[in-house]
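Read through the structure below, which is laid out as structure tokens, and then see the notes.
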Amino acid sequence: MARITSKFGGSSVADARQFLKIKDILGRDARRRVIVVSAPGKRHTGEAKLTDLLYQCHHAARKNIPFDEAFSLIRDRFLEIEKDLSLNAGIVAEMEAFHAQILDGATKDFIASRGEYFSGKLMAAFLGATFVEPAECVFFDRAGRLDPRSYDALGARLADETKTYVIPGFYGADADGHVKTFSRGGSDISGAVAARAAKAELYENWTDVSGLLMADPRIVENPRPLDLVSYREIRELSYMGASVFHDEAIAPVREAGIPINIRNTNKPDDAGTLIVSKLPEVTLYDIAGIAGKKNFTLFTAEKTMMNKEVGFARRFLGLFETHGVSIEHCPTSIDSMSVLISSEEIGDKTEAVREDVLRILQPDKVEVESDLALIAVVGEGMARQVGMAAKVFKALAEAKVNVRIIDQGASELNIIVGVSNAQYEAAIKALYAEMTTK
Ligand code: ASP
Numbered sequence: 001m002a003r004i005t006s007k008f009g010g011s012s013v014a015d016a017r018q019f020l021k022i023k024d025i026l027g028r029d030a031r032r033r034v035i036v037v038s039a040p041g042k043r044h045t046g047e048a049k050l051t052d053l054l055y056q057c058h059h060a061a062r063k064n065i066p067f068d069e070a071f072s073l074i075r076d077r078f079l080e081i082e083k084d085l086s087l088n089a090g091i092v093a094e095m096e097a098f099h100a101q102i103l104d105g106a107t108k109d110f111i112a113s114r115g116e117y118f119s120g121k122l123m124a125a126f127l128g129a130t131f132v133e134p135a136e137c138v139f140f141d142r143a144g145r146l147d148p149r150s151y152d153a154l155g156a157r158l159a160d161e162t163k164t165y166v167i168p169g170f171y172g173a174d175a176d177g178h179v180k181t182f183s184r185g186g187s188d189i190s191g192a193v194a195a196r197a198a199k200a201e202l203y204e205n206w207t208d209v210s211g212l213l214m215a216d217p218r219i220v221e222n223p224r225p226l227d228l229v230s231y232r233e234i235r236e237l238s239y240m241g242a243s244v245f246h247d248e249a250i251a252p253v254r255e256a257g258i259p260i261n262i263r264n265t266n267k268p269d270d271a272g273t274l275i276v277s278k279l280p281e282v283t284l285y286d287i288a289g290i291a292g293k294k295n296f297t298l299f300t301a302e303k304t305m306m307n308k309e310v311g312f313a314r315r316f317l318g319l320f321e322t323h324g325v326s327i328e329h330c331p332t333s334i335d336s337m338s339v340l341i342s343s344e345e346i347g348d349k350t351e352a353v354r355e356d357v358l359r360i361l362q363p364d365k366v367e368v369e370s371d372l373a374l375i376a377v378v379g380e381g382m383a384r385q386v387g388m389a390a391k392v393f394k395a396l397a398e399a400k401v402n403v404r405i406i407d408q409g410a411s412e413l414n415i416i417v418g419v420s421n422a423q424y425e426a427a428i429k430a431l432y433a434e435m436t437t438k
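Rendered as structure tokens:
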């Protein structure tokens, strides 16, 4: 039977009520057999995420400071779930052992991983499912990257398709067999690895929102949900600020051609956002969405006959490399070249870089402009259409937005415009209205 891998994030396992919702969701589709869980998240604003409390315990223990307060909060969260669901998962004894391990100098990664571990233990007991220990089958190589042998190793643990499996997210084992975690938010990656290992037909990512929206709802009133989006589009949108899920969670499933469905545990009837490798020929809109980020700095060096000066571009870009600053875009014209950098990235190095540009490149002029925002209009459909750029610039002109930078990648997957921070919101509103009107 074809299987679905369903990963439930922190808010979906925050308390017993959420566990009950998960059971209901699993009951709706018998293919949901491979379950990956995060550590319990916040139940309300103001409450700490369990993983953060675990990091606090580690930090305090290392400094020989008591960590009882944070530890009690952790223990009580798990005991409460166990009690509310009338389970007998042996949490009390395991918590005692864990406390001793912290005092004994357990590693940061081991301590942090226990949020997912206990969450997984409770979920397996609740569902009557088989618990799979990731430290035995999800491996990292010496460079700290996921070892592709994990797919077969985990796959072997998930072999019986009639069973339901629960796998804690967020961790595996390093090359020496010690518990190692992914980066924060990494249960998404575990879910992707499990989906590939189980040769699942779908990777569901259950969270507390019904998928992505075509624009930021803090700027655009009631933006439309993004029903269908390609991996390439999602990559562009998340790079430009639309928060989806962990970047590294895309590769394992994308390579295996497994679609991702972002769903809402609190609204299981909503279809959510489906991420696929190939979009159908006809989609509702030519664009997938609009995303953007504020606070970029633009360095422009102007020099007459620059286009004839061999090595100018290399030396200009090289200066940023020397200062350890990564760059985002470099719009150029005949006698000028600009480099766009996130303002946070360049920070207090701005003056030093400017001085180097003047000294080494001897340009006629250097200009540094900060407070710029970038906006990307993203959509594979744009490549097939004539007049997309016209629409973008008409909308911006009508909204009296001054466009400072224009950039379209050769893939025609996006059009990026740079505007002042102050006109960012107005630009997004105007673009959204124009691009979603037929
Ligand atoms: N619990 C981990 C974190 O808070 C991993 C995850 O939830 O994805 O980062």
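Residue numbers for the sequence shown follow our numbering, beginning at 1 and rising by one. Idealized CB from N, CA, C, for every residue including glycine. Bear in mind the structure is a predicted one, so any value in this text is a computation, not a measurement.
Backbone secondary structure at residue i - three-state DSSP
i      : result
Thr181 : strand
Leu358 : helix
Met214 : coil
Pro268 : coil
Glu398 : helix
Gly289 : strand
Gly172 : strand
Met1   : coil
Val282 : coil
Pro225 : strand
Met337 : strand
Phe316 : helix
Arg263 : strand
Thr297 : strand
His44  : coil
Leu413 : coil
Ile406 : strand
Asn88  : coil
Val13  : helix
Lys349 : helix
Arg62  : helix
Lys7   : strand
Asp76  : helix
Beta-carbon contacts of residue i that lie in its chain and below 7 Å, excluding the five residues immediately before and after
i      : result
Glu69  : none
Leu274 : Asp227, Leu228, Pro259, Asn261
Ile360 : Arg315, Leu319
Ala194 : Thr5, Val34, Val36, Leu154, Ile167
Glu345 : Val325, Ser326
Gly257 : Ser277
Contact set for residue i: own chain, Cβ-Cβ below 6 Å, skip 5 residues either direction
i      : result
Ser338 : Leu298, Thr300, Pro331
Leu159 : With the sequence shown as reference, residue 159 is identified as Ala, and Leu is not the correct amino acid for it. No residues qualify anywhere along the chain.
Arg142 : Ala175
Backbone CA spacing between residue i and residue j [nearest angstrom]
i      : j      : result
Ala93  : Ser420 : 58 Å
Lys349 : Leu279 : 43 Å
Lys7   : Lys63  : 35 Å
Ile91  : Ile416 : 52 Å
Ile65  : Arg314 : 52 Å
Gly46  : Ile81  : 20 Å
Ala430 : Tyr55  : 43 Å
Val253 : Ser230 : 13 Å
Thr283 : Gly169 : 34 Å
Gly381 : Leu413 : 8 Å
Ala333 : Ile405 : Note that residue 333 is Ser in the sequence shown here, rather than Ala. Rounded to the nearest angstrom, the two C-alpha atoms are 12 Å apart.
Asp147 : Met95  : 30 Å
Ser12  : Gln18  : 5 Å
Ala433 : Ala97  : 58 Å
Arg232 : Leu79  : 43 Å
Met305 : Leu374 : 29 Å
Arg224 : Ser370 : 32 Å
Cys57  : Val378 : 43 Å
Distance between beta carbons of residue j and residue i, contact taken as under 8 Å
i      : j      : result
Ala153 : Asp84  : With a Cβ gap of about 35 Å, Ala153 and Asp84 do not count as contacting.
Ile302 : Pro363 : Per the sequence shown, the amino acid found at residue 302 is Glu instead of Ile. About 6 Å separates the two Cβ atoms, so the contact holds.
Residue i CB to nearest heavy atom of the ligand ADP below 6 Å
i      : result
Phe170 : No copy of the ligand ADP appears in this structure; the ligands present are the ligand ASP.
CB contact below 7 Å: residue i versus chain C
i      : result
Thr436 : In summary, chain C is missing from the structure at hand, where a single protein chain is found.
beta-carbon residue i near the ligand ASP non-hydrogen atom, thresh 6 Å
i      : result
Arg184 : yes
Gly191 : no
Ala39  : yes
Thr51  : yes
Ser187 : yes
Gly115 : yes
Arg120 : One point to set straight first is that residue 120 is Gly, not Arg, in the sequence displayed. Gly120 Cβ: outside cutoff for every heavy atom of the ligand ASP.
Gly289 : no
Gly10  : yes
Residues of its chain near residue i, where Cβ-Cβ distance is below 8 Å and the 5 sequence neighbours each way are ignored
i      : result
Lys42  : Gly10, Ser11, Ala14, Ala48, Lys49
Lys267 : Ser210
Asn264 : Trp206, Thr207, Asp208, Val209, Ser210, Gly211, Asp270, Gly272
Ala129 : Ile35, Met123, Lys163, Thr164, Tyr165, Val166
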